[in-house]
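Note sheet for the following structure.
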Amino acid sequence: MPTLKAIRERCARTYYKALYMQQAKAVLRTAPVLPGSLPLTTLSMVHTRDVLPYLVAFKSFHRQAAGQRAVVVCDPSITASDRATLLAHIPHLELRDAAEFTHQSIPRGGTWERLFAISEYATQQFTVQLDADTLATGPLPEVCDSILANRPFVIGEVLAQRIDPLAGFAATARTWTSGHVQALAEASLDGIGLPPETLYVRGCSGFTGFRTGADMRGCLLDFSERMRSKLGDRWRDWGTEQVTSNFVVANQADARVLPFPKYASAHQTDADSVFFHFIGSVRFRNRRYERETAAFLRSVAIG
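According to numbering that gives the first Met the number 0, the residues represented by the sequence shown are 0 to 302, in order.
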């Protein structure tokens, strides 16, 4: 039986979500966006419940990093009405079905389809994975510079975070007590037959930039096969796509971790932060997502 505290927290989240969605509707009154000049493809996977948050996320990011192409991998829940709404606001948007991006070597679901889609688009252009629950509130010079330099990036978790040798990271992961598949996979990184010079970073797949010109697809398929052989059915769990995304970006040439907390999960940000990721566990803990969204939409209305 839920505790009184749990009931209160659930009610609060429901209330804060309702306030947010009411505010996010204002994105429908903003002008459509046009393709930009950056050699960039911005790709997201979107569920029907996330159409409005996605439009906010995309428009806030595009305002600071206006790419030439935009792609949405449509979750099966996306309706014809959703598609019309998306295209009305991003006329150059390419809509693809999740079913187009499956492979026998990777799990289905758990956002694996978007990572596989990125491996297609990154053969043509620098590609950024942008989650629907993100918000850019100011200039993103590190991101724009990385795109122009074809330099991969990932959003980090701690100050001065580095991309680490595989064995050292795996040894650290084995000291953790979490039973989550991400921790389990990370603790197994040095036991799947990879070369000792291989790297890893514990970033967040919700905002990651992948360089063009790398064999991303071959890398992710090989890694997934190795991990599936090691972990068995656990490799189907939610969270394995993030491990793979982290692995792939870490092993692309000249990859970087974006400065933290300038780019961070919302509960880790400070007054100088310019990019917020409102991850599920903190998204509707309070009214911050709503208020940051409202401030962005007011600024769009102003011009």
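Using N, Cα and C, we set each Cβ at its ideal position, and we do this for glycine too.
Subject >> Residues near aspartate 81 by beta carbon distance below 7 Å, same chain, minus five either side >> reply: Within the sequence shown, residue 81 is the residue found at index 82, counting from 1. Once the five neighbours on either side are set aside, the close Cβ partners of aspartate 81 are Thr47, Val50.
Original post:
Whole-angstrom Cβ separation of glycine 217 and histidine 179, contact assumed at under 8 Å?
Top reply: Within the sequence shown, numbered from 1, the residue matching residue 217 stands at position 218. Within the sequence shown, numbered from 1, the residue matching residue 179 stands at position 180. With 8 Å as the limit, glycine 217 and histidine 179 do not qualify as a contact, their Cβ atoms being about 27 Å apart.
Subject >> Range of the contiguous alpha helix (DSSP H) that encloses threonine 84 >> reply: For this step, residue 84 is matched to residue 85 along the sequence shown. 79–88 is the span of the alpha helix (DSSP H), which, as asked, contains threonine 84.
Original post:
Do you know whose CA, among Ala79, Phe222, Pro106, Arg107, lies nearest leucine 94's CA?
Top reply: Translated into the one-based positions of the sequence shown, residue 94 becomes position 95. Checking every option, the nearest Cα to that of leucine 94 belongs to Ala79.
**OP:** Note down, in chain order, each residue of its chain lying with its Cβ closer than 8 Å to the Cβ of tyrosine 120, except the 5 sequence neighbours on either side.
**Re:** Translated into positions along the sequence shown, residue 120 becomes position 121. Excluding positions up to five away in sequence, the list reads Thr40, Leu42, Arg68, Val70, Thr126.
Subject >> According to DSSP, residues forming a beta bridge with arginine 255 >> reply: Your numbering for residue 255 matches position 256 in the sequence shown. Paired residues: Phe152.
Original post:
Relative to the C-alpha of glutamate 156, which residue among Pro258, Gln21, Ala11 is closest?
Top reply: Locating residue 156 in the sequence shown gives position 157, counting from the first residue. Among Pro258, Gln21, Ala11, the Cα nearest to that of glutamate 156 belongs to Pro258.
Original post:
Using a Cβ-Cβ distance under 8 Å, would isoleucine 6 count as near chain B?
Top reply: The displayed structure is made up of one protein chain only, and chain B is not part of it.
Subject >> Proximity to valine 247 [Cα-Cα], best of Arg227, Ala97, Asp221 >> reply: Numbered from its first residue, the sequence shown carries residue 247 at position 248. The residue with the shortest Cα to Cα distance from valine 247 is Asp221.
Original post:
Could you give the C-beta distance for valine 153 and asparagine 250, rounded to a whole number, given that I count them as a contact under 8 Å?
Top reply: Counted from its first residue, the sequence shown places residue 153 at position 154. Counted from its first residue, the sequence shown places residue 250 at position 251. Not confirmed; about 12 Å, so no contact.
**OP:** Could you tell me if threonine 207 is buried or exposed, where buried requires 16 or more neighbouring beta carbons within 10 angstroms of its beta carbon?
**Re:** Residue numbering aside, residue 207 sits at position 208 when the sequence shown is read from its first letter. Per the 10 Å Cβ criterion, buried.
Original post:
To the nearest angstrom, how far is it from the Cα of leucine 18 to the Cα of glutamine 160?
Top reply: Residue mapping note: residue 18 aligns to position 19 of the sequence shown, counting from 1. Residue mapping note: residue 160 aligns to position 161 of the sequence shown, counting from 1. Cα to Cα, the separation comes out at about 35 Å.
Subject >> Neighbourhood of leucine 92 by C-beta, 8 Å cutoff - its chain only, sequence neighbours within 5 removed >> reply: Translated into positions along the sequence shown, residue 92 becomes position 93. Cβ within range, chain order: Ala69, Val70, Val71, Leu85, Leu86.
Subject >> Local conformation of alanine 135 per DSSP, three classes >> reply: Against the sequence shown, residue 135 aligns to sequence position 136. Three-state DSSP puts alanine 135 in a strand.
Original post:
Can you list, in chain order, the residues of its chain whose CB lies under 6 Å from that of alanine 25, leaving out five sequence neighbours each side?
Top reply: The count along the sequence shown starts at 1 and reaches residue 25 at position 26. Correct list, in chain order: Leu296.
**OP:** Check each candidate in Val55, Arg7, Leu3, Pro1 and name the one with the smallest Cα separation from arginine 284.
**Re:** Working through the sequence shown from its first residue, we reach residue 284 at position 285. Comparing Cα positions, the closest option is Arg7.
Subject >> Reduced DSSP category for valine 142 - H, G, I as helix; E, B as strand; rest coil >> reply: Position 143 of the sequence shown holds residue 142. Correct three-state label for valine 142: helix.
**OP:** Quick one: using the 10 Å Cβ neighbour count with 16 as the cut-off for buried, is arginine 255 buried or exposed?
**Re:** Position 256 of the sequence shown, counted from the start, is the residue given in the question as residue 255. Buried: at least 16 other Cβ atoms inside 10 Å.
Original post:
Grouping DSSP H, G and I as helix and E and B as strand, with all else coil, what is serine 204?
Top reply: Counting from one through the sequence shown, the residue named residue 204 turns up at place 205. Reduced to three states, the DSSP call for serine 204 is strand.
Subject >> Three-state secondary structure assigned by DSSP to aspartate 74 >> reply: To locate residue 74, count along the sequence shown from 1; it is residue 75. Coil at aspartate 74, not helix or strand.
**OP:** Kindly give me the distance between the Cβ atoms of alanine 56 and aspartate 74, rounded to whole angstroms, as I take these residues to be in contact under 8 Å.
**Re:** As a position in the sequence shown, residue 56 is number 57, starting the count at 1. As a position in the sequence shown, residue 74 is number 75, starting the count at 1. Between aspartate 74 and alanine 56 the Cβ distance is about 15 Å, and since that is not below 8 Å, they are no contact.
Original post:
Just how far apart, CA to CA, sit leucine 139 and glycine 35?
Top reply: Taking the sequence shown and counting its residues from 1, the one referred to as residue 139 is at position 140. Taking the sequence shown and counting its residues from 1, the one referred to as residue 35 is at position 36. In a straight line, the C-alpha of leucine 139 is about 15 Å away from that of glycine 35.
Original post:
How big is the Cα-Cα spacing for threonine 2 and aspartate 271?
Top reply: As a first step, residue 2 is located in the sequence shown; it is residue number 3 there, counting from the start. As a first step, residue 271 is located in the sequence shown; it is residue number 272 there, counting from the start. Rounded to the nearest angstrom, the two C-alpha atoms are 37 Å apart.
Subject >> Sequence-distant residues of its chain with Cβ nearer than 7 Å to tyrosine 311 (five each side left out) >> reply: This structure does not reach residue 311, given that the chain is present from 0 up to 302, and the question cannot be answered.
**OP:** For alanine 30, count neighbouring C-beta atoms within 10 Å of its own C-beta (all shown protein chains included) and say buried if the count is 16 or more, exposed if not.
**Re:** Counted from its first residue, the sequence shown places residue 30 at position 31. Answer is exposed; the Cβ neighbour count stays below 16.
**OP:** Report buried or exposed for glutamine 317, applying the criterion of at least 16 other Cβ atoms within 10 angstroms of its Cβ.
**Re:** Beyond the ends of the chain as shown, which are 0 and 302, falls residue 317; an answer cannot be given.
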